[in-house]
Every structure is written in structure tokens, then in C-alpha cells.
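Here is the structure we will look at.
Residue numbers (the numbering used here): -13 to 165.
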């Protein structure tokens, strides 16, 4: 009895180990989705950069510069009397800002948004504002053209800002407290 059981387990073990097949991904649709999503996002970015170039061409008084993060900025009021310090991580900044679309339609003004005070790179704020204030010195006013992925992205704000909408921010740095 013991011998028969052992022999049958041995034969079963040998036969079951001969056909090893590599494991395949269970969900192939996920890979397709990610590739399509990446392609869609690249198209959105290309369209937004084209819209930025068109908006910049209409501006006669401002000289815009591009940043590595994909947004554009220009100084509406440049403070040459400043000590030259830009906000760094840990500094407390206070600023006011307004939001417009790329056709200069006002979406939110300074009164609606109020003054904002936060510690640079240490508090949660939309990436557009976190990055934009780093380009301003005390008393300067900057005009920023932000792509949607730095603003409200694919969700919008549910009110005035649509999905994947690039925006124009005007930011004035009111106070800079060094850490």
C-alpha cells in the first residue's frame, strides 16, 4: 500500500514538472492603456505649447522665457532695487495672484483668491504656484503661462477652469521671509 502510494506520487511529480511554461501578464490591456495615455498626454502638451507661442506673439510689452518645467514667464514689473534673493526651500512667501485663460478672460481675480502665504517646497499647493514664486524677487510681478499638468490637470476645478486647460497666472510677490 505504502509502496503504491509512493510510486504514484513519484510518477505524478515527474509528469507534472515536464511542461513548464513562462508566466504571461494577466492584463495586457493595461499596457495598451498606458501607451495610449502617454501618447494622448504628449499631444496635449504639444497643443498647449503651440497655444503658448500664439499668446506670446500677441504680447508686445512682455518678453517671455521658457523654463525646464515647460512653463513660460515674463516680468510685468521687475525689481532692480531688490537684494536679488529668490525664494528658496523653507522660506516663507506671501503673494497675490490672478488666473486668466490664454485669451485674457479673467477667471479668478486677486480679491477672490486673497493673499497666499506658504513655506516654499514644504506645503501643499498647486505646482504652478509652487514653481512660479521661485522666479520672483520681492516686489516683482510675473506673468506665467502654465500648462494644464501644472495647474488643475484633467479634472479642472469644477467651476471656471476646464479640463486640460492651460492658464495665465499673474503673481505679485508681497513678502519674503528668509529661513
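In this text, a Cβ means the ideal position worked out from N, Cα and C, and glycines have one as well. All values derive from a computational prediction rather than experimental measurement.
- With a cutoff of 8 Å on beta-carbon distance, residue 136 and residue 109 are scored as not near each other.
- For residue 153, the beta-bridge partners assigned by DSSP are 132.
- The continuous alpha helix (DSSP H) containing residue 97 extends over residues 96 to 99.
- Per DSSP, the continuous alpha helix (DSSP H) segment holding residue 116 begins and ends at 113 to 118.
- Under the three-state reduction of DSSP, residue 126 is assigned to coil, being neither helix nor strand.
- DSSP lists 94, 155 as the beta-bridge partner residues of residue 85.
- Between the region 25 to 38 and the region 90 to 106 there are fewer than three C-beta pairs closer than 8 Å, too few to call the two in contact.
- Under the 8 Å Cβ criterion, the region 43 to 62 counts as touching the region 122 to 131, having at least three qualifying pairs.
- Residues 42, 58, 60 of the same chain have their beta carbon placed closer than 6 Å to that of residue 50, with the five preceding and five following residues left out of the count.
- DSSP places residue 62 in the strand class (E or B) of the three-state scheme.
- Collapsing the DSSP output to three states places residue 18 in a helix.
- The three-state reading of DSSP puts residue 103 in strand, counting E and B together.
- When DSSP reads this structure, residue 80 sits in a beta bridge with 103, 161.
- By the Cβ-count criterion, residue 24 is exposed, with fewer than 16 other Cβ atoms from all chains shown falling within 10 Å of its own Cβ.
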